[in-house]
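Residue numbers (the working numbering): 15 to 120.
Glycine included, every Cβ here is placed at the ideal spot set by N, Cα and C.
Please read these numbers as outputs of a predicted model, since none were measured by experiment.
If you want it as structure tokens, here you go:
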């Protein structure tokens, strides 16, 4: 690893962990909001939830049809992002292991 990467690794790890956790949380909010169809996602606090999720959900809705009238695309993305977060910054994740190795070397 290059010295620049070693110095940037803790910051990258923290930022990526936070971003993926935030994104997972927004998809969980979308799952809960799907139970309340009267909520308008364009009013109040809800654009903060719909803005980061809707592009992915719209793309996925073209491929995955609702099951029994229920939109399952937020569940799919919450699972995929949680998996990605675990693979990259989880306890045994790739960036976590690189960070541990760089700290052991230093």
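Within 10 angstroms of the beta-carbon of residue 37 lie 16 or more other beta-carbons, which makes it buried. Contact between residue 89 and residue 119 is ruled out by a C-beta separation of about 41 Å, above the 8 Å threshold. With a contact defined as Cβ atoms closer than 8 Å, residue 101 and residue 108 qualify at about 6 Å. By the C-beta density criterion, residue 63 is buried, having at least 16 other C-beta atoms within 10 angstroms.
Taking a contact as a CB-CB distance under 8 Å, the pair residue 113 and residue 23 counts as one, their CB atoms being some 5 Å apart. Within a 10 Å sphere around the beta-carbon of residue 32 sit fewer than 16 other beta-carbons, which makes this residue exposed. Residue 103 is not a Cβ neighbour of residue 39, given a cutoff of 8 Å.
Following the DSSP letters along the chain, one finds residue 30 inside the alpha helix (DSSP H) bounded by residues 17 to 47.
Rounded to whole angstroms, residue 52 and residue 85 show a C-alpha spacing of 15 Å.
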